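*Asks:* Everything in the sequence shown is counted per our numbering, starting at 114 for the first residue and increasing by one.
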Amino acid sequence: MIDLGEMKYFLDIEVYQGTNGIFINQKKYANEVFEKFRIGACNGIRNLIAPGSKLSKEEERAQVDGTLFKQIVKSLMYMTVTIPELIYSVCLISRFMSNPMKAHMLAAKRILRYVQATTDFDILYKRNCTYELIAYIDNDYARDLSDQKSTSGYAFMLSG
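(1) Looking at the strands, I want to know which residues DSSP matches up with residue 239.
(2) Just to confirm, are residue 165 and residue 226 a CB contact at a threshold of 7 Å?
(3) Leaving aside the five residues before and after residue 248 along the sequence, list all residues of the same chain whose C-beta is less than 6 Å from its C-beta, in chain order.
(4) Using DSSP with H/G/I as helix, E/B as strand and the rest coil, what is residue 247?
(5) Closer than 8 Å is the cut-off here; do at least three beta carbon pairs connect the region 177–194 with the region 204–222?
(6) Drop a sphere of 10 angstroms on the beta-carbon of residue 197, count the other beta-carbons inside from all chains shown, and report buried for 16 or more, exposed for fewer.
(7) In the DSSP output, which residue or residues are listed as bridge partners for residue 271?
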């Protein structure tokens, strides 16, 4: 075995060990995703879902390339590792992977624009901090208007 030094990059996650702790991000991976899906220098946004929007299976019938939609969703799912606020939005659009419509693709591209606006944000794991476990739970009864299914979710934060 040989010592390779401090870890800098692992599974598309950049790692920086500073004096405050360990920082992780996926800036390089995000930029590769932007290039792959031709998301140029567009205006970034600060909210993941357009206020008042509701996605359903009964959207306008303008179909989009299902393979492209699945690739975008897959890339976004991997980015949730370092951008946890994406989880709800990405899971929401992933419900439509079998038959994506134009509104679903626009929602996916909106999430990419959010990622583009926040690529400079890192996760910091602080050194010498006391660890506290906090749990949150949320329920949304019958949000999906097409089949009236409920959604529930939970989040756990360690020293959050």
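Glycine included, every Cβ here is placed at the ideal spot set by N, Cα and C.
On a predicted model such as this, the values are computed, not experimentally measured, just so you know.
*Replies:* With the given structure in hand:
(1) Residue 239 is bridged to 134.
(2) No, these two residues do not count as a Cβ contact at 7 Å.
(3) A distance below 6 Å between beta-carbons, with the five flanking residues on each side excluded, links residue 248 to the following residues of its chain, in chain order: 269.
(4) DSSP places residue 247 in strand when its eight states are reduced to three.
(5) Segments in contact, yes.
(6) With fewer than 16 other Cβ atoms within 10 Å, it is exposed.
(7) Residue 271 has 246 as its beta-bridge partners, per DSSP.
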